[in-house]
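**Student:** Residue 40 in this note's numbering sits at position 40 of the sequence shown, with consecutive numbering throughout.
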Amino acid sequence: MEAITKVKSDIEIAQESTMKPIVEIARKIGLEENDLELYGKYKAKLSNEALAKIKTKESGKIILVTSINPTPAGEGKSTVTVGLGDAFTQLGKKAMIAMREPSLGPTMGIKGGATGGGYAQVLPMEDINLHFTGDLHAITTANNALAALIDNHLQQGNELRIDQRRIVWKRAVDLNDRALRKVIIGLGGPLQGVPREDGFDITVASEIMAVLCLAKDIKDLKLRLSRMVVAYNDKKEPVTVGDLGVEGALTLLLKDAVKPNLVQTIEHTPALIHGGPFANIAHGCNSVIATIAASKLADYVITEGGFGADLGAEKFLHIKSRSAGIKPEAVVVVATIRALKMHGGVQKSELVKENIAALTLGFANLQKHIETIKSFGIPVVVAINKFITDTDLEVKTLLDWCKLEDVPVALTEVWEKGGEGGIELAEKLLTVIEKEQNQFHPLYELSDSIEKKVITIVQQVYGGKNVEFSSKAKKQLLEFEQFGWSNLPVCMAKTQYSLSDDPAKLGRPMDFTITVREFKPSIGAGFIVALTGDVMTMPGLPKKPAALKMDVDENGNALGLF
1 MEAITKVKSD IEIAQESTMK PIVEIARKIG LEENDLELYG KYKAKLSNEA LAKIKTKESG
61 KIILVTSINP TPAGEGKSTV TVGLGDAFTQ LGKKAMIAMR EPSLGPTMGI KGGATGGGYA
121 QVLPMEDINL HFTGDLHAIT TANNALAALI DNHLQQGNEL RIDQRRIVWK RAVDLNDRAL
181 RKVIIGLGGP LQGVPREDGF DITVASEIMA VLCLAKDIKD LKLRLSRMVV AYNDKKEPVT
241 VGDLGVEGAL TLLLKDAVKP NLVQTIEHTP ALIHGGPFAN IAHGCNSVIA TIAASKLADY
301 VITEGGFGAD LGAEKFLHIK SRSAGIKPEA VVVVATIRAL KMHGGVQKSE LVKENIAALT
361 LGFANLQKHI ETIKSFGIPV VVAINKFITD TDLEVKTLLD WCKLEDVPVA LTEVWEKGGE
421 GGIELAEKLL TVIEKEQNQF HPLYELSDSI EKKVITIVQQ VYGGKNVEFS SKAKKQLLEF
481 EQFGWSNLPV CMAKTQYSLS DDPAKLGRPM DFTITVREFK PSIGAGFIVA LTGDVMTMPG
541 LPKKPAALKM DVDENGNALG LF
């Protein structure tokens with residue numbers, strides 16, 4: 001009887017890998033030690049001087065990786081992103097990866113890390129998935145410093161006449177902690193502050209995270225911070241950070257966090273990991289600074305948008321691309337046969353069984369995302385992220401469907417084989433970029449009303465029929481127009497699991513209505529958030545969080561971290 005080979009965990013593979021000194025990695029992209037601010041031997045930030053030095057270089061081509069709607073079966077978008085970067089390197093191309101930093105909330109909760117998996121990982125994975133270079137802590141501190149300054153303003157006479165019932169700035173913590181969603185502060189008498197309702201967001205939902213990720217440089221960062229709306233006064237007029245006069249202090253707290261972090265893959269491809277807004281409640285893309293820096297240092301940049309194309313890719317194309325003045329040359333839509341079968345009605349426990357009928361039903365979800373990317377005028381390639389449980393007939397069925405739909409497709413095995421498993425995908429992309437015409441255009445104009453922008457996204461990206469706005473949302477639309485905010489892009493806060501706002505509606509639901517219950521102005525970031533469904537800005541932990549499996553040995557080595 002053949003022996004069963006134990007599959008190594010991600011952390012085991014990572015810890016068995018040999019990293020090169022980060023100075024050596026930097027030299028591959030034309031940087032020297034003086035261009036870096038070292039955080040130990042294997043991590044570094046790009047200095048302000050280095051960022052200034054590369055500013056005038058010609059830009060490389062950007063490739064965006066997105067996926068179908070995620071399921072508990074997993075899609076492996078980050079894994080494909082990393083493996084694809086390694087594949088370009090194996091093909092002799094000067095390539096870099098630009099990805100988001102993980103949040104401790106989902107890391108210790110249920111989602112897992114954000115450094116790829118198997119033999120397509122970014123290292124040092126333990127550091128990146130935990131405290132890394134302290135960026136998220138700096139954002140948390142800046143967020144809470146602002147909250148403290150607001151409450152101190154109330155205590156010290158409230159010169160700006162802030163209505164304490166209309167303070168919209170919340171505190172933040174980089175953990176999933178449902179108990180902090182709604183709190184009462186300032187109890188204990190006159191010396192303890194002004195009593196009021198408050199709440200906590202997870203750090204990655206803080207507007208400061210979005211501001212840092214969309215800022216072009218430290219000057220732009222300061223300007224965006226000053227525009228953030230924190231409250232309304234007794235005349236219901238917006239009060240900003242600039243009105244409080246504290247944008248300088250917040251920028252000071254973020255002066256190092258704004259610099260992108262340089263690390264490496266298992267195969268030593270350079271990677272910039274920087275910023276980490278969620279895609280279901282924020283815009284879901286790594287920082288503009290990191291993406292542009294990577295494009296100046298490499299000929300090909302592989303980056304990602306969070307969750308499915310209905311969220312991360314839509315926001316990349318409508319928000320990040322506009323803000324940064326960039327466009328992707330091609331988009332990869334990652335799909336797994338396991339996830340497609342779930343979209344076709346199969347339960348997770350039954351996924352190991354061959355099921356062509358369910359797989360075929362699940363194609364509808366993939367088809368919608370392909371249509372969405374094509375509607376932006378960008379070439380698309382499907383990446384089938386192969387699992388060992390996929391049968392030959394299932395793989396053939398998906399390949400045949402893509403051929404019938406006239407969509408370039410590549411089987412990827414980067415989890416198992418690293419860059420070698422992504423060569424076919426990389427070659428398909430090179431062909432597509434060379435031969436297909438890129439006619440990138442947004443689906444709505446900034447001059448459109450907020451209402452029209454939301455309807456456009458719902459109908460053209462989600463495939464929905466109608467949008468209903470709550471009475472509160474309708475009132476806000478009028479107010480935002482008066483404040484001059486109507487010309488901003490829209491950032492939809494929606495469940496990642498469905499094209500609709502109901503996470504139970506998998507596949508490709510039709511004739512559904514999206515309900516916008518509330519709008520949230522993120523004027524510093526430069527967009528208006530539309531809240532749908534029951535998406536919350538402070539997640540909770542599952543019954544058995546991932547933290548239960550985590551430990552550390554007597555030598556300080558991480559255990560159980562995926």
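The beta carbon of each residue, even a glycine, is placed where N, CA and C say it ideally should be.
#1: Identify the continuous alpha helix (DSSP H) that holds I150 and give its terminal residues.
#2: Quick one: is E197 buried, meaning 16 or more other Cβ sit within 10 Å of its Cβ, or exposed?
#3: Can you tell me whether E197 is helix, strand or coil according to DSSP?
#4: By DSSP's criteria, Y232 is part of a beta bridge. Which residues make up the other side?
#5: From this set, A148, I139, A147 and S103, which residue's C-alpha is nearest E126's C-alpha?
#6: Out of P70, C285 and R227, state which residue places its alpha-carbon closest to the alpha-carbon of K522.
#7: Please tell me whether P124 and Y42 are closer than 8 Å, where the distance is taken between their beta carbons.
#8: What does DSSP give as the partner residue(s) for D551 in the beta ladder?
#9: Rounded to whole angstroms, how far is the Cβ of K315 from the Cβ of H283, which I believe are closer than 8 Å?
#10: What number of angstroms, rounded off, separates the C-alpha of L488 from the C-alpha of L214?
#11: Do A547 and M108 have their C-beta atoms closer together than 8 Å?
#12: What residue range does the alpha helix (DSSP H) around A339 cover?
#13: Given that a residue counts as buried once 16 or more other Cβ atoms are within 10 Å of its Cβ, and exposed if not, what is A179?
#14: Between I202 and A172, is the Cβ-Cβ spacing less than 8 Å?
#15: In this structure, does DSSP put A26 in helix, strand or coil?
#16: Hey, which unbroken runs of the alpha helix (DSSP H) at 4 residues or more fall wholly within the segment 47 to 89?
#17: In its own chain, which residues sit with a C-beta less than 7 Å from the C-beta of V331, not counting the 5 before and 5 after it?
#18: Name the one or two DSSP bridge partners that A95 has.
#19: Kindly confirm or deny that the segment 456 to 474 and the segment 390 to 403 touch, where touching means at least three C-beta pairs closer than 8 Å.
#20: Since L411 is in the alpha helix (DSSP H), which residue starts that stretch and which ends it?
#21: From K320, A98, L175 and T265, pick the residue whose C-alpha is nearest to that of P542; which is it?
#22: With a CB to CB cut of under 6 Å and the five nearest residues on each side skipped, what residues in its chain are close to V467?
#23: Looking at C-alpha atoms only, which residue of K61, E479 and M550 is the closest neighbour of K296?
#24: Find the nearest neighbour of E304 within the set L38, L561, T71 and G83, judged by alpha-carbon distance.
#25: Could you check how far apart the C-beta atoms of I319 and C491 are, in whole angstroms? I think they sit under 8 Å.
#26: With which residues is F440 paired in a DSSP beta bridge?
#27: Using only CA atoms, which one of G118, N48 and T79 lies nearest to E416?
#28: Tell me the DSSP secondary structure of T456 in three-state form.
#29: In whole angstroms, give me the CA-to-CA distance for A50 and P72.
#30: When the Cα atoms are used, what is the spatial distance from E554 to F132?
#31: Between L559 and D551, what straight-line distance do the alpha-carbon atoms span, to the nearest angstrom?
#32: Residues in its own chain within less than 6 Å of R136 by CB, not counting five upstream and five downstream?
**Tutor:** The answer reads as follows:
#1: Unbroken alpha helix (DSSP H) run through I150: D135 to Q155.
#2: Exposed.
#3: Looking at E197 - three-state DSSP - the assignment turns out to be strand.
#4: P238.
#5: From the listed residues A148, I139, A147 and S103, the smallest Cα separation to E126 is found for S103.
#6: Here the sequence assigns Ser to residue 522, which means Lys is not the residue at that position. That would be R227, whose Cα lies nearest to the Cα of S522.
#7: A contact, by the Cβ cut-off of 8 Å.
#8: In the DSSP output, where bridge partners are listed per residue, D551 has L559.
#9: Right, their Cβ atoms sit about 4 Å apart.
#10: The alpha-carbon atoms of L488 and L214 are separated by roughly 14 Å.
#11: For A547 and M108, yes; Cβs fall inside 8 Å.
#12: Segment I337 to H343, the alpha helix (DSSP H) holding A339.
#13: Label assigned to A179: exposed.
#14: Yes.
#15: DSSP places A26 in helix when its eight states are reduced to three.
#16: For secondary structure counted as the alpha helix (DSSP H) over 4 or more consecutive residues, the segment 47 to 89 holds these complete runs in sequence order: 48 to 53.
#17: For V331, where only same-chain residues beyond five positions count, the Cβ hits under 7 Å are L64, T66, A313, I373, I378 and V380.
#18: In the DSSP output, where bridge partners are listed per residue, A95 has Y300.
#19: The answer is no - the segment 390 to 403 does not touch the segment 456 to 474, with fewer than three Cβ pairs under 8 Å.
#20: In the DSSP assignment, L411 falls outside any alpha helix (DSSP H) and within the unbroken beta strand (DSSP E) covering V409 to T412.
#21: Nearest option by C-alpha distance: L175.
#22: Closer than 6 Å at the Cβ level, and outside the excluded window around V467, lie V454, I455, V458 and I514.
#23: Of K61, E479 and M550, the residue nearest in Cα terms is K61.
#24: Closest by alpha carbon: G83.
#25: Rounded to whole angstroms, the Cβ separation of I319 and C491 is 6 Å, and the two are in contact under 8 Å.
#26: Beta-bridge analysis with DSSP links F440 to no other residue.
#27: Considering only alpha carbons, the answer is G118.
#28: Three-state DSSP puts T456 in a helix.
#29: Answer to the nearest angstrom: the Cα atoms are 41 Å apart.
#30: Distance between the alpha carbons of E554 and F132 is about 21 Å.
#31: If you draw a straight line from the Cα of L559 to the Cα of D551, it is about 5 Å long.
#32: First, the residue type needs correcting, since residue 136 is Leu and not Arg in the sequence shown. If we look at L136 and ignore the five residues flanking it on each side, its Cβ neighbours are D174 and T203.
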